[in-house]
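Peer 1: Reading the sequence shown from the start, the letters are residues 2 to 393 in our numbering.
Before I ask anything, let me first share the structure, which is written out below as structure tokens.
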Amino acid sequence: MRAINYRELRQMCERLGPAATAERLGEALGQKHLRPDDFSLRELAEAFFGRERTGALDPRSGASAVFESGEAVDAAAFSRITGRVIEAKLLEAYRNEAFVLSRLVESVPTRLDGERIPGVGRLPDEAAEVAPGMPYPSLGFGEEYIDTPQTTKRGFIVPVTKEAIFFDRTHLVLQRAAEVGEVLGLNKEKRLLSLLLGLENNYRANGAAYNTYYAAGDSGPDGGPAPWINDIDAELVDWTDVDAAEQAFADMTDPTTGEPVLIHATNVLVMPAYRHAAHRIFNAAEIAYQSGSTQTTAANPLGRYGVYESRLAYRLLLASGYQPQDARRMWFIGDFRKAFAYMENWPITVSVAPPNSEAEFNQDIVVRFKASERGAAAVINPRFVVRSRGTN
Numbered sequence: 002m003r004a005i006n007y008r009e010l011r012q013m014c015e016r017l018g019p020a021a022t023a024e025r026l027g028e029a030l031g032q033k034h035l036r037p038d039d040f041s042l043r044e045l046a047e048a049f050f051g052r053e054r055t056g057a058l059d060p061r062s063g064a065s066a067v068f069e070s071g072e073a074v075d076a077a078a079f080s081r082i083t084g085r086v087i088e089a090k091l092l093e094a095y096r097n098e099a100f101v102l103s104r105l106v107e108s109v110p111t112r113l114d115g116e117r118i119p120g121v122g123r124l125p126d127e128a129a130e131v132a133p134g135m136p137y138p139s140l141g142f143g144e145e146y147i148d149t150p151q152t153t154k155r156g157f158i159v160p161v162t163k164e165a166i167f168f169d170r171t172h173l174v175l176q177r178a179a180e181v182g183e184v185l186g187l188n189k190e191k192r193l194l195s196l197l198l199g200l201e202n203n204y205r206a207n208g209a210a211y212n213t214y215y216a217a218g219d220s221g222p223d224g225g226p227a228p229w230i231n232d233i234d235a236e237l238v239d240w241t242d243v244d245a246a247e248q249a250f251a252d253m254t255d256p257t258t259g260e261p262v263l264i265h266a267t268n269v270l271v272m273p274a275y276r277h278a279a280h281r282i283f284n285a286a287e288i289a290y291q292s293g294s295t296q297t298t299a300a301n302p303l304g305r306y307g308v309y310e311s312r313l314a315y316r317l318l319l320a321s322g323y324q325p326q327d328a329r330r331m332w333f334i335g336d337f338r339k340a341f342a343y344m345e346n347w348p349i350t351v352s353v354a355p356p357n358s359e360a361e362f363n364q365d366i367v368v369r370f371k372a373s374e375r376g377a378a379a380v381i382n383p384r385f386v387v388r389s390r391g392t393n
């Protein structure tokens with residue numbers, strides 16, 4: 002849709018009133034019928050206050066400030082729609098396509114600053130048997146639990162100055178909003194990736210701290226054998242390497258029942274250097290199997306996987322000390338939604354400061370917007386992901 006102009010905005014304000022106009026424009030933004038770049042801060046101010054009142058932003062005019070107590074409704078409506086414009090731009094950047102893991106991992110709402118999640122172990126299947134005439138057993142939480150890490154709050158303030166409106170620096174304000182969204186989204190993505198890569202370990206089960214990944218021969222936290230094996234050595238070359246990872250899942254058992262962990266791996270994440278190799282392996286129409294002098298071809302069974310790459314993951318590995326040749330070969334497979342979660346006190350939220358604040362008088366800031374989110378990346382069940390270092 003083309004950019005909305007002053008005349009249309011002013012007519013809408015006169016017809017619907019400022020509050021209803023702000024609501025209507027906000028809905029159009031939410032439904033993506035309008036984009037943040039379709040708006041002009043100056044034209045919004047002129048539409049809600051009139052060109053004469055907006056001209057009061059110029060100190061040479063000798064007029065009073067644009068916001069007065071008698072214009073509280075106009076001021077509130079202007080702040081509301083400007084906030085929606087900035088929020089839309091901020092969210093665009095926050096949901097950047099490069100933030101792969103943030104899209105693949107579930108955000109779990111929580112009101113706690115770190116919580117204990119009980120009953121993560123499976124019930125034994127024989128518990129479901131009910132003898133004739135006997136009562137059904139009650140199902141409660143198990144004795145097992147995991148502790149998720151404490152959450153942290155992150156945020157920024159985006160100011161809109163008189164100069165930004167007077168000189169119509171809409172693009173600059175939206176650029177700042179996009180930077181805020183990108184920084185908050187990047188921080189969340191890097192915290193999730195640090196868990197996936199194994200650079201940070203915050204899995205705590207039944208009071209004990211575990212690493213996310215264990216290789217054959219590793220020791221567990223109690224000094225005994227590794228509690229699970231999900232760190233293998235298989236460079237992603239063909240379907241046999243995927244099969245090696247799937248065999249690691251097949252050997253994984255539930256710590257309570259001893260039954261196999263019921264996993265249907267759905268995602269694969271690779272470094273940029275192996276992007277084309279991964280798509281070739283997972284999207285090939287057929288696979289070839291060589292046994293002695295006999296070669297057999299069959300339909301490729303790997304089409305159910307979603308394949309993703311992450312430049313951020315590669316840079317994090319390098320920053321942590323991995324050599325480039327080792328970082329390039331690392332890849333991950335599993336059900337990331339079951340392996341990890343983002344424990345979220347509140348999602349990214351934009352709030353508006355009231356007009357006529359001290360900042361307006363001292364710094365010529367007409368309106369301020371605060372963007373914040375609070376949460377923590379957590380390992381929920383490491384048995385649902387396999388890491389391959391690909392060093393063979």
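For glycine and all other residues, C-beta sits at the position ideal for the given N, C-alpha and C.
Taking the continuous beta strand (DSSP E) assigned at Y309, which residues delimit it?
Peer 2: Residues G307 to E310.
Peer 1: Output the distance between the C-alpha atoms of R276 and L317, rounded to the nearest integer angstrom.
Peer 2: Looking at the two C-alpha atoms, the distance is approximately 17 Å.
Peer 1: Would L193 pass as a contact of L102 if the rule is Cβ separation under 7 Å?
Peer 2: In contact: L193 and L102 (Cβ atoms closer than 7 Å).
Peer 1: Cutting at 8 Å between CB atoms, please list the residues of its own chain near R155, excluding the five before and the five after it.
Peer 2: Contacts found: L185, N188, S373, E374 and R375.
Peer 1: Tell me T350's beta-bridge partners as DSSP assigns them.
Peer 2: The partner list for T350 (beta bridge, DSSP) reads S373.
Peer 1: Starting from the C-beta of A178, find all residues in its chain whose C-beta is less than 6 Å away, skip the five residues before and the five after it, and write them out in chain order.
Peer 2: Once the five neighbours on either side are set aside, the close Cβ partners of A178 are I87, K90, L91 and V159.
Peer 1: In the DSSP assignment, find the beta strand (DSSP E) that holds E107 and state where it starts and stops.
Peer 2: E107 -> beta strand (DSSP E) spans E107 to P110.
Peer 1: If we count the other Cβ atoms within 10 Å of its Cβ and call it buried at 16 or more, is M135 buried or exposed?
Peer 2: By the 10 Å Cβ count, M135 comes out exposed.
Peer 1: At the level of alpha carbons, what is the spacing between R52 and F167?
Peer 2: Approximately 11 Å, taken between the alpha carbons.
Peer 1: Let me know if Y343 comes out buried or exposed under the rule of 16 or more other beta-carbons within 10 Å of its beta-carbon.
Peer 2: So Y343 counts as buried.
Peer 1: Taking all protein chains shown into account, do 16 or more other C-beta atoms lie within 10 angstroms of the C-beta of V386, making it buried, or fewer, making it exposed?
Peer 2: Result: buried.
Peer 1: Identify, in the order they occur along the chain, each residue of the same chain with its Cβ nearer than 6 Å to the Cβ of R384, setting aside the five sequence neighbours on each side.
Peer 2: Here the set comprises W229, M253 and V262.
Peer 1: How long is the line joining the alpha carbons of A340 and E93, rounded to whole angstroms?
Peer 2: Near 27 Å, if we compare the C-alpha coordinates of E93 and A340.
Peer 1: Please classify K33 as buried or exposed, where buried requires at least 16 neighbouring CB atoms within 10 angstroms.
Peer 2: K33 should be labelled exposed.
Peer 1: From what residue to what residue does the beta strand (DSSP E) around P119 run?
Peer 2: Counting along the chain, the beta strand (DSSP E) containing P119 begins and ends at R117 to P119.
Peer 1: What first and last residue would you give for the beta strand (DSSP E) that runs through Y204?
Peer 2: Element bounds for Y204: Y204 to A206.
Peer 1: Rounded to whole angstroms, what's the CA-CA distance from A278 to L237? Just pull it up for me.
Peer 2: Distance between the alpha carbons of A278 and L237: 8 Å.
Peer 1: Following the continuous beta strand (DSSP E) through P1, name the residue where it begins and the one where it ends.
Peer 2: A question about residue 1 goes unanswered here, because the residues of the chain that appear run from 2 up to 393.
Peer 1: Going by DSSP, name the residue or residues bridged to Q395.
Peer 2: Residue 395 falls outside the range modelled here, since the chain spans only 2 to 393, and no answer is possible.
Peer 1: Going by other Cβ atoms of all chains shown within 10 Å of its Cβ, with 16 needed for buried, is E190 buried or exposed?
Peer 2: By the 10 Å Cβ count, E190 comes out buried.
Peer 1: Check for me: the alpha helix (DSSP H) holding I282 runs from which residue to which?
Peer 2: Segment R276 to N284, the alpha helix (DSSP H) holding I282.
Peer 1: Is the segment 286–306 touching the segment 263–272 in the sense that three or more CB pairs, one from each, lie closer than 8 Å?
Peer 2: Cβ pair count under 8 Å is three or more, so yes.
Peer 1: Run through the DSSP bridge pairs and tell me what F168 is partnered with.
Peer 2: None, per the DSSP bridge assignment.
Peer 1: Could I get the ranges of all uninterrupted alpha helix (DSSP H) runs contained in the segment 204–278, with 4 residues as the minimum, in chain order?
Peer 2: Runs found: 240–251.
Peer 1: Helix, strand or coil for I334 per DSSP?
Peer 2: Note: I334 maps to strand in three-state DSSP.
Peer 1: Could you tell me which of G293, G391 and I349 sits nearest to I334, measuring between CA atoms?
Peer 2: The candidate whose alpha carbon is nearest that of I334 is G391.
Peer 1: Are the beta-carbon atoms of N212 and N202 separated by less than 7 Å?
Peer 2: Taking 7 Å as the Cβ cut-off, N212 and N202 qualify as a contacting pair.
Peer 1: Look at V380 and L196 and say whether their C-beta atoms are less than 7 Å apart.
Peer 2: Yes, these two residues count as a Cβ contact at 7 Å.
Peer 1: Could you check how far apart the C-beta atoms of D114 and R205 are, in whole angstroms? I think they sit under 8 Å.
Peer 2: Not a contact, Cβ separation roughly 15 Å.
Peer 1: Which residue marks the beginning of the beta strand (DSSP E) containing R388, and which one marks its end?
Peer 2: V386 to S389 is the extent of the beta strand (DSSP E) around R388.
Peer 1: Report the CB separation of A289 from T295 in whole angstroms; it is logged as a contact under 8 Å.
Peer 2: Going by Cβ atoms, the distance from A289 to T295 rounds to 11 Å, so no, they are not a contact pair.
Peer 1: For A23 versus I82, is the C-beta spacing smaller than 7 Å?
Peer 2: Yes.
Peer 1: Could you check how far apart the C-beta atoms of G18 and R85 are, in whole angstroms? I think they sit under 8 Å.
Peer 2: Not a contact, Cβ separation roughly 17 Å.
Peer 1: In angstroms with no decimal places, state the Cα-to-Cα distance between D365 and A354.
Peer 2: Roughly 14 Å between the two C-alpha positions.
Peer 1: Which term fits R8, buried or exposed, when burial requires 16 or more other beta carbons within 10 angstroms of its beta carbon?
Peer 2: Label assigned to R8: exposed.
Peer 1: Measure the Cβ-Cβ separation of V368 and V161 and say whether it is below 7 Å.
Peer 2: Yes; because the gap between Cβ atoms is below 7 Å, this pair is in contact.
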